[in-house]
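What follows is a single structure, written as structure tokens, with notes after it.
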Amino acid sequence: MSTVYLAEQLAPSREVAIKVMASTALSDEVSRRRFENEVRTIARLEHPHVVRIHELGRTADGLPYYTMPYLARGHLGQRSFLRDDGRPDEARIIATLRVLLSALEYAHGRGVVHRDVKAENVLFGDTEQPLLADFGIALRRGFGPRVTATGLAVGSTAYMAPEQARGEDVDGRADLYSLGVLAWEMLTGHLPYEAGDALAMAVMHAQNPIPRLPPHLRHWQRFMNRALAKQPAQRFADTAQMSAMLDQVERRGRWPRATLGRDRVAHGLARVPGRVWLATAIVAALVLALPLASRDTAVEEAEREAQRLVDEQTREDPIPAMLEPLPEAPLQVALDKARQQIAQNRLTTPDDDNAFSTVMTAWASNPDDPALVELVDTLTKALGESALANLADARDEQAGRQIDRIRLLGTETSRLESAAQLRLRAGIEKTLEARISRAADRSDSSAATAIAALAEPMGLAPSTVRRLQTRAAAVPTGSQPRSAANAGAGALATKPVSRDDYAAFAEATARKPSLCRERSSLLRVLAPRDWRSPGFDQGGAEPVLCVSLADAQAYAQWLQQQTGHSYRLPTVAESRSIAPQISGREISLWQLDCGDGCQERAVLGESWRKQEGRRVLDAGRGYDDVGFRLLREP
Numbered sequence: 000m001s002t003v004y005l006a007e008q009l010a011p012s013r014e015v016a017i018k019v020m021a022s023t024a025l026s027d028e029v030s031r032r033r034f035e036n037e038v039r040t041i042a043r044l045e046h047p048h049v050v051r052i053h054e055l056g057r058t059a060d061g062l063p064y065y066t067m068p069y070l071a072r073g074h075l076g077q078r079s080f081l082r083d084d085g086r087p088d089e090a091r092i093i094a095t096l097r098v099l100l101s102a103l104e105y106a107h108g109r110g111v112v113h114r115d116v117k118a119e120n121v122l123f124g125d126t127e128q129p130l131l132a133d134f135g136i137a138l139r140r141g142f143g144p145r146v147t148a149t150g151l152a153v154g155s156t157a158y159m160a161p162e163q164a165r166g167e168d169v170d171g172r173a174d175l176y177s178l179g180v181l182a183w184e185m186l187t188g189h190l191p192y193e194a195g196d197a198l199a200m201a202v203m204h205a206q207n208p209i210p211r212l213p214p215h216l217r218h219w220q221r222f223m224n225r226a227l228a229k230q231p232a233q234r235f236a237d238t239a240q241m242s243a244m245l246d247q248v249e250r251r252g253r254w255p256r257a258t259l260g261r262d263r264v265a266h267g268l269a270r271v272p273g274r275v276w277l278a279t280a281i282v283a284a285l286v287l288a289l290p291l292a293s294r295d296t297a298v299e300e301a302e303r304e305a306q307r308l309v310d311e312q313t314r315e316d317p318i319p320a321m322l323e324p325l326p327e328a329p330l331q332v333a334l335d336k337a338r339q340q341i342a343q344n345r346l347t348t349p350d351d352d353n354a355f356s357t358v359m360t361a362w363a364s365n366p367d368d369p370a371l372v373e374l375v376d377t378l379t380k381a382l383g384e385s386a387l388a389n390l391a392d393a394r395d396e397q398a399g400r401q402i403d404r405i406r407l408l409g410t411e412t413s414r415l416e417s418a419a420q421l422r423l424r425a426g427i428e429k430t431l432e433a434r435i436s437r438a439a440d441r442s443d444s445s446a447a448t449a450i451a452a453l454a455e456p457m458g459l460a461p462s463t464v465r466r467l468q469t470r471a472a473a474v475p476t477g478s479q480p481r482s483a484a485n486a487g488a489g490a491l492a493t494k495p496v497s498r499d500d501y502a503a504f505a506e507a508t509a510r511k512p513s514l515c516r517e518r519s520s521l522l523r524v525l526a527p528r529d530w531r532s533p534g535f536d537q538g539g540a541e542p543v544l545c546v547s548l549a550d551a552q553a554y555a556q557w558l559q560q561q562t563g564h565s566y567r568l569p570t571v572a573e574s575r576s577i578a579p580q581i582s583g584r585e586i587s588l589w590q591l592d593c594g595d596g597c598q599e600r601a602v603l604g605e606s607w608r609k610q611e612g613r614r615v616l617d618a619g620r621g622y623d624d625v626g627f628r629l630l631r632e633p
């Protein structure tokens with residue numbers, strides 16, 4: 000999840016650790032800002048046994064980082080708590096647990112749950128005092144659990160409480176469970192549960208009985224039964240309860256063993272005959288053993304009964320719950336819902352299930368959220384494309400309603416001057432200009448005037464409105480339509496041949512796609528392109544690209560066979576008589592006119608690649624900015 004660097008801070012002069020979060024852990028701006036908010040919360044914790052955070056920032060690549068003291072004495076997992084005789088140093092272990100309980104009590108009292116208490120997060124500095132570190136995935140209570148991109152709960156499963164592994168809400172009792180695991184590890188030198196992978200480890204914590212400690216640590220068993228209980232309600236309620244039980248463990252560990260003074264026994268028995276010595280020893284042993292055995296049996300029976308009750312309450316298989324995704328934040332639910340609605344083209348209808356309503360509702364409670372701002376622009380683009388298509392087909396009332404919604408969206412979100420809104424206004428202007436030109440071709444001045452009147456209510460600038468009105472006013476009435484004169488008696492299609500239409504032809508004829516790159520280009524082999532994959536996404540109704548002039552002529556012949564009408568490519572003069580209607584990005588169109596030789600042909604119209612009105616291209620290959628339209632001959 001992160002990379003830690005050792006660095007030297009110049010002022011004040013000191014060694015620090017810089018923790019840079021991985022891009023895979025925080026993949027978007029929303030998660031990064033939430034992480035930074037969590038770090039700011041932790042930075043306000045001031046406790047002698049909590050590692051301080053010095054600074055929070057971003058790298059040049061935009062990845063969050065924070066700095067903290069460099070603690071050169073390593074972490075708890077690198078230390079042994081065994082004495083020379085192989086027994087655990089219980090006094091040292093209890094002292095360490097008290098320090099960590101003090102740090103957790105302070106954090107819990109301020110609404111902060113650590114969620115990742117483990118040996119690697121207990122660090123030691125020059126004072127040899129333990130400090131609790133890495134609240135990097137800590138969570139303020141009441142904000143719901145944070146999840147990774149894969150949907151698994153965050154944390155180290157070797158120390159993780161069962162409810163945390165299941166993705167449920169957690170509180171301070173989850174930290175106390177982890178501290179219990181840490182206590183077990185210090186006492187025994189190993190974890191209470193061991194498995195080969197994270198999921199198997201989490202299942203063992205949720206399902207397996209609490210293990211039994213070795214006999215010399217029996218006085219810790221009650222403590223462990225509470226600390227490692229499967230259900231939070233059966234654990235210590237808070238740090239105070241755990242600390243009180245730790246006091247009891249410490250007292251029990253100091254009780255003298257029920258033994259005879261060895262010196263006194265040896266001296267007395269040395270003067271007793273062997274048979275008497277043997278009989279006395281047997282009687283004494285029985286007398287001493289009976290109350291101890293009775294006490295130990297009662298304790299063990301009570302512990303077995305408590306464990307049985309715990310096992311009964313946790314018998315339900317926990318694996319399905321662990322594999323379920325964690326609950327998402329309300330904003331994330333709204334974002335996912337709106338994206339799905341946009342993908343399904345439910346932009347403004349139906350009333351109870353459309354992207355416009357979802358986005359507006361989310362904005363009311365989460366203004367300026369980066370992911371939501373991006374989604375506003377995505378919705379603007381989708382609505383704009385639909386509105387421009389309606390406007391181009393003279394469905395003015397429907398287009399007007401959509402543009403009103405887009406302007407309302409921009410006003411309510413303060414995005415009227417966003418790139419998406421500016422592109423829409425440029426598209427409206429261009430579409431109205433094309434329609435006025437076609438009205439001029441028909442010498443239909445009334446239609447031109449009506450088209451120009453759409454500019455102002457659609458939000459175009461006053462200067463643009465005046466220019467369109469002036470152009471419409473110049474359209475004459477009653478003259479011969481230039482389109483008919485230039486195209487003869489033929490009918491020139493206004494729209495280029497679409498991908499869907501060309502796909503039907505290619506399937507029917509099994510025609511192989513043409514090259515769409517230079518023959519000498521290495522990319523022709525590494526990343527080939529053709530009409531099916533021109534290098535960007537296209538809809539089926541958009542113009543087919545990456546077709547050669549021969550492809551276009553073959554399509555015309557096939558269409559003639561299907562319809563009984565004769566088709567061909569238009570000449571430059573014929574094309575200039577009727578402007579094409581092009582959806583999507585701007586493209587040029589193949590023409591019949593030859594270049595220096597007929598191995599080259601003219602293409603007409605500015606494209607997204609070239610701002611030239613007319614070019615001459617090699618006719619033997621396709622281009623990702625060139626399509627074609629046909630003229631039907633009489």
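Mapping to numbering that gives the first Met the number 0: the sequence shown position 272 is 271, numbers consecutive.
Think of the CB as a built atom: it goes at the ideal place given N, C-alpha and C, for glycine as much as any other residue.
The structure presented is a predicted model; accordingly, all values stated were derived computationally and were not measured.
Asked, Found
"Should S606 be labelled buried (16 or more other beta-carbon atoms within 10 Å of its own) or exposed?", "buried"
"Could you spell out where the beta strand (DSSP E) holding F235 opens and where it closes?", "Careful: F235 lies outside any beta strand (DSSP E) and carries neither H nor E."
"From the DSSP secondary-structure annotation, give me the bridge partner or partners of E599.", "D617"
"So L44 and V111 are supposed to be a Cβ contact under 8 Å. How far apart are they, rounded?", "7 Å"
"Could you pull the start and end residues of the alpha helix (DSSP H) that E455 belongs to?", "It is not in any alpha helix (DSSP H) - E455 carries neither H nor E in the DSSP assignment."
"For R613, which option in R631, S587, A363, E599 has the closest C-alpha, if you only look at C-alpha atoms?", "S587"
"Tell me the rounded alpha-carbon separation between H74 and A118.", "7 Å"
"Using 9 Å as the threshold, is the C-beta distance between L99 and V116 below it?", "yes"
"Does the distance from the CB of I427 to the CB of I402 come in under 9 Å?", "yes"
"Does the separation of the CB atoms of P542 and C515 fall below 9 Å?", "no"
"Can you tell me whether A201 is buried or exposed? The criterion is at least 16 other CB atoms within 10 Å of its CB, across all chains shown.", "buried"
"Out of A71, A370, L491, which has the shortest C-alpha to C-alpha gap to L568?", "L491"
"Return the chain-ordered list of same chain residues with a C-beta closer than 8 Å to the C-beta of A418, the five sequence neighbours on each side being excluded.", "D376"
"Is E104 closer than 9 Å to E249 when the C-beta atoms are compared?", "no"
"How many angstroms separate the CA atom of V546 from the CA atom of A433?", "26 Å"
"Between which two residues does the alpha helix (DSSP H) holding A666 run?", "An answer regarding residue 666 cannot be provided, because it is not within the stretch 0 to 633 covered by the chain."
"Which residue's Cα is closest to the Cα of R528: L544, G399, G539?", "L544"
"Using only the alpha-carbon positions, how far apart do D352 and R345 sit?", "7 Å"
"Check the C-beta distance from T58 over to V15 and give it rounded, since I have them as a contact under 8 Å.", "Not confirmed; about 15 Å, so no contact."
"Comparing C-alpha positions only, which one of W530, L629, E373, V50 sits nearest to A578?", "L629"
"Using a Cβ distance threshold of 8 Å, determine whether the segment 11 to 26 contacts the segment 361 to 375, with at least three qualifying pairs required.", "no"
"For A6, write down the residues that DSSP places opposite it in a beta bridge.", "V15"
"Given a threshold of 16 other Cβ atoms within 10 Å of its Cβ, counted over all protein chains shown, does A10 qualify as buried or as exposed?", "exposed"
"Got a sec, what are the start and stop residues for the alpha helix (DSSP H) W183 sits in?", "171 to 187"
"Is it buried or exposed for A6, if we count other Cβ within 10 angstroms and need 16 for buried?", "exposed"
"Alpha carbon to alpha carbon, how far is D335 from A187? Give it in angstroms, no decimals.", "Correcting the residue type first, residue 187 is Thr in the shown sequence and not Ala. Cα to Cα, T187 sits roughly 48 Å from D335."
"Looking at V474: is its Cβ nearer than 9 Å to the Cβ of A507?", "no"
"Measure the C-alpha to C-alpha separation of F123 and R211 and round it to an integer number of angstroms.", "30 Å"
"In chain order, what are the residue ranges of uninterrupted alpha helix (DSSP H) at least 4 long that sit wholly in the segment 320 to 403?", "329 to 342, 354 to 364, 369 to 391"
"Once you ignore the five residues that flank Q397 on each side, which residues in its own chain have a CB closer than 6 Å to its CB?", "N389"
"For C593, which residues of its own chain have a beta-carbon under 8 Å away from its beta-carbon, when the five flanking residues on both sides are left out?", "E599, R600, A601"
"In terms of alpha-carbon separation, which member of P329, S385, L330 lies closest to I341?", "S385"
"Below 8 Å on the Cβ atoms is my guess for T430 versus L387; work out the distance and round it to an integer in Å.", "6 Å"
"Where DSSP assigns a beta bridge to R567, which residues make up the other side?", "L630"
"Just to confirm, are R172 and D246 a CB contact at a threshold of 9 Å?", "no"
"Suppose you measure from the CA of A157 to the CA of E193; what does that come to, to the nearest Å?", "8 Å"
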